[in-house]
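Okay, so here's the structure we're looking at.
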Amino acid sequence: MTITFDDFLKVDIRVGTVIRAEPYPEARKPALKLWIDFGPEIGERKTSAQITDHYDVDSLVGRQVCAVVNFPPKQIGKFMSECLTLGFADEAGAISLIAPGHKVPNGQRLH
97 MTITFDDFLK VDIRVGTVIR AEPYPEARKP ALKLWIDFGP EIGERKTSAQ ITDHYDVDSL
157 VGRQVCAVVN FPPKQIGKFM SECLTLGFAD EAGAISLIAP GHKVPNGQRL H
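Counting in this note's numbering, the sequence shown runs from 97 upward without gaps.
Given below as structure tokens:
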């Protein structure tokens, strides 16, 4: 399926820093709760992510990640997700998060 550049611009993908992470034992599949700082324009957003194969709470705090920030909030069990962290599946299906190669200001939009 081909999209236009305007279609691409509708998806607001930003970089942010994980400022807090917690286990999410109530989730149906193993997951973590994340609080991400997207800078002064967007602020802090929370999400849950099924990323426990490669990450734990200690390895995530301070890490920059990329996320879609313009989806409507979605209830994930008892937790309200406000953004969608992005990653790629490895050979086993475990997610590896997308992040910039160098530190950039929180809130920067994907170009």
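Even glycine gets a Cβ: it sits at the ideal position worked out from N, Cα and C.
Check: Rounded to the nearest angstrom, what separates V107 and P121 at their Cα positions?; Outcome: 30 Å
Check: Between which two residues does the beta strand (DSSP E) harbouring I109 extend?; Outcome: 109-119
Check: Just confirm the distance between the C-beta atoms of F167 and L156, as a whole number of angstroms; I'd bet it's less than 8 Å.; Outcome: The pair is not a contact, with the Cβ atoms about 21 Å apart (cut-off 8 Å).
Check: When the Cα atoms are used, what is the spatial distance from L105 to F184?; Outcome: 21 Å
Check: Residue range of the beta strand (DSSP E) that K129 falls in?; Outcome: 128-133
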